[in-house]
Amino acid sequence: MGTGASTALPETLAAASVDDVKAAINGLSPENIAKIKAALAATGGAPTVTLSDEAKKKLEEKGWNKGVVGFGSAASEASVKLTSALSILKKEHTWVDLSWDDKALEGNSMGVKSADYKLISGGYCSMPMLCIDGVMYYESVSIDKMLAVESKAPQEVIDWIDYVIASDAMLLNAAKHWGWAGLHASNDYAMVNKEHYTSFGKGNKDEAWEKEAAGAVKAFLDKLEASLAAKSEINGCFVGNELTLADCVLCSWPLTLGGVCNVDLSKWPKVQENYEKMKAIAPEGMQAHLGYFPTFVGYVQGANKEAFEAGFNINKLL
Ligand SMILES: N[C@@H](CCC(=O)N[C@@H](CS)C(=O)NCC(=O)O)C(=O)O
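So this is what it looks like as structure tokens:
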């Protein structure tokens with residue numbers, strides 16, 4: 000992103016893309032660099048895209064350039080991290096539904112593959128995104144960090160979010176490799192932007208990559224299991240007795256890893272037990288994911304069945 004990077008200091012940090020900030024930093028004193036770093040850390044530093052004048056005009060036309068507007072399919076494993084956070088925080092917002100196709104913008108809906116979303120998302124073309132006063136943020140977990148900092152979440156919650164920020168790219172790549180890539184190739188990428196998936200799937204990664212990805216999955220599940228084992232009671236929440244933004248960034252992994260990636264979760268019983276308890280107290284913003292995502296899992300497993308049975312199976316590496 001950040002195709003519009005310039006060496007002038009952006010007017011506000013919130014309106015600055017990561018590239019804008021990097022470019023501006025080159026001409027700054029150490030004191031100002033320290034100030035910028037502190038400000039980014041305080042907001043959580045969710046990345047933003049640079050919007051063209053045409054994109055800004057489109058947001059304005061729709062009235063999405065003011066206030067808080069989310070973009071995504073509430074069923075998706077990444078979008079649920081945002082919809083659940085908005086729900087728990089009771090944050091007033093508009094939701095724009097992204098469908099799994101290239102449908103043009105109509106009302107409050109358009110396809111994730113559509114030209115309209117390509118424009119509005121500054122070329123990001125993935126979900127979710129959150130627009131705050133005309134600034135488009137991406138990366139669900141970094142957005143949740145920003146919301147957590149804003150709502151003065153406890154440090155333990157922030158620590159979980161930071162942990163997921165540090166590990167989720169590899170986890171999602173594992174799910175793309177052992178799961179999504181097979182499904183999307185089977186229907187010629189009708190639902191998604193092809194270029195986000197073609198470097199994954201059977202035959203597209205070497206053994207070293209697969210070992211590293213499986214290692215990241217194992218380390219993640221081991222950490223979740225150990226932290227749940229240290230709790231006095233498994234109650235559906237990773238921190239305390241009520242769902243927090245820590246649970247928002249952790250809520251999708253049992254279906255993503257156990258379902259899409261086909262990880263045998265029986266080795267992590269507390270993760271499973273906690274997930275069952277979480278479902279029973281899930282907020283409104285998790286319901287669509289919990290209800291519809293298992294159908295996607297069925298499609299993914301169907302599309303990968305032959306390859307899985309022939310040994311394309313992450314469990315051999317765990
Ligand atoms: N790390 C990103 C992942 C975003 C992502 O891969 N989103 C998927 C849905 S879960 C998507 O938009 N897929 C459609 C596409 O990439 O074309 C996040 O957590 O926000």
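Position one of the sequence shown corresponds to residue 0 (numbering that gives the first Met the number 0), numbered consecutively onward.
Virtual Cβ for every residue (Gly too), placed ideally from N, Cα, C.
Remember, predicted model here, so these are calculated numbers, not experimental data.
Glu194: buried (16+ other C-beta within 10 angstroms of its C-beta) or exposed?
Stepping through the sequence shown from its first residue, residue 194 is reached at position 195. Exposed, since its Cβ has fewer than 16 Cβ neighbours within 10 Å.
Buried or exposed (CB count within 10 angstroms, at least 16 for buried), Thr2
Position 3 of the sequence shown holds residue 2. Because Thr2 sits at a pLDDT of 37, beneath the cut-off of 50, its placement in the model cannot be relied upon, and the following sentence gives the value as read from the coordinates. Classification of Thr2: exposed, given that the 10 Å Cβ count is below 16.
Look up Gly110 in the DSSP assignment and say whether it is helix, strand or coil.
Sequence index remark: in the sequence shown, residue 110 carries index 111 (1-based). Strand.
How would you call Asp167, buried or exposed, if buried means at least 16 neighbouring beta carbons within 10 angstroms?
Stepping through the sequence shown from its first residue, residue 167 is reached at position 168. Flag for Asp167 reads buried.
Just checking Leu104 against ligand 1 - is the residue's beta carbon closer than 8 Å to any of the ligand's heavy atoms?
Within the sequence shown, residue 104 is the residue found at index 105, counting from 1. No.
Please classify Glu76 as buried or exposed, where buried requires at least 16 other C-beta atoms within 10 Å of its C-beta.
Reading the sequence shown from its first residue, position 77 is the one you call residue 76. So Glu76 counts as buried.
How should Asn314 be labelled, buried or exposed, when 16 other C-beta atoms within 10 angstroms of its C-beta is the threshold for buried?
Counted from its first residue, the sequence shown places residue 314 at position 315. Exposed, by the Cβ-count rule.
Could you tell me which whole alpha helix (DSSP H) segments of length 4 or greater appear in the segment 135-186?
139-149, 154-174, 180-185
Applying the criterion that 16 or more other CB atoms from any shown protein chain within 10 Å of the CB defines a buried residue, is Thr49 buried or exposed?
Taking the first residue of the sequence shown as 1, we reach residue 49 at position 50. Buried, since its Cβ has 16 or more Cβ neighbours within 10 Å.
Contained alpha helix (DSSP H) runs [length at least 4] in the segment 41-126, N- to C-terminal order:
52-61, 78-87, 114-119
Which residues share a DSSP beta bridge with Cys130?
The residue labelled residue 130 in the question sits at position 131 within the sequence shown. In the DSSP output, where bridge partners are listed per residue, Cys130 has Val68, Met135.
Would you mind stating whether Phe199 and Leu129 have Cβ atoms separated by less than 9 Å?
Taking the first residue of the sequence shown as 1, we reach residue 199 at position 200. Taking the first residue of the sequence shown as 1, we reach residue 129 at position 130. No, the Cβ-Cβ distance between Phe199 and Leu129 is not below 9 Å.
Looking only at its chain, what residues have a beta carbon closer than 7 Å to the beta carbon of Phe307, apart from the 5 residues adjacent to it on each side?
Reading the sequence shown from its first residue, position 308 is the one you call residue 307. Only Asn261 meet the Cβ criterion.
Run the Cβ filter for me: residues under 7 Å from any heavy atom of ligand 1, listed in the order they occur in the chain.
Ser75, Glu76, Ala77, Ser78, Lys80, Val111, Lys112, Cys124, Ser125, Met126, Pro127, Tyr137, Glu138, Ser139, Val140, Asp167, Ala168, Leu171, Val191, Asn192, His195
If I measure Cβ to Cβ from Ala215 and keep anything under 8 Å in the same chain, skipping five residues before and after, which residues do I get?
The sequence position of residue 215 within the sequence shown is 216, counting from 1. Correct list, in chain order: Ser166, Met169, Leu170, Ala173.
Distance, Ser185 Cα to Met0 Cα
By 1-based counting over the sequence shown, the position of residue 0 is 1. By 1-based counting over the sequence shown, the position of residue 185 is 186. Unreliable placement is indicated for Met0, whose pLDDT of 43 sits below 50; the coordinate value is still reported in the next sentence. Cα to Cα, Met0 sits roughly 29 Å from Ser185.
Could you check the C-alpha separation between Leu220 and Cys236 for me, to the nearest Å?
If you number the sequence shown from 1, residue 220 lands on position 221. If you number the sequence shown from 1, residue 236 lands on position 237. For Leu220 and Cys236, the distance between alpha carbons rounds to 15 Å.
Indicate the three-state DSSP secondary structure (helix, strand or coil) for Glu206 in the structure shown.
On the sequence shown, residue 206 is found 207 positions in, with the first residue counted as 1. Glu206 falls in the helix class under three-state DSSP.
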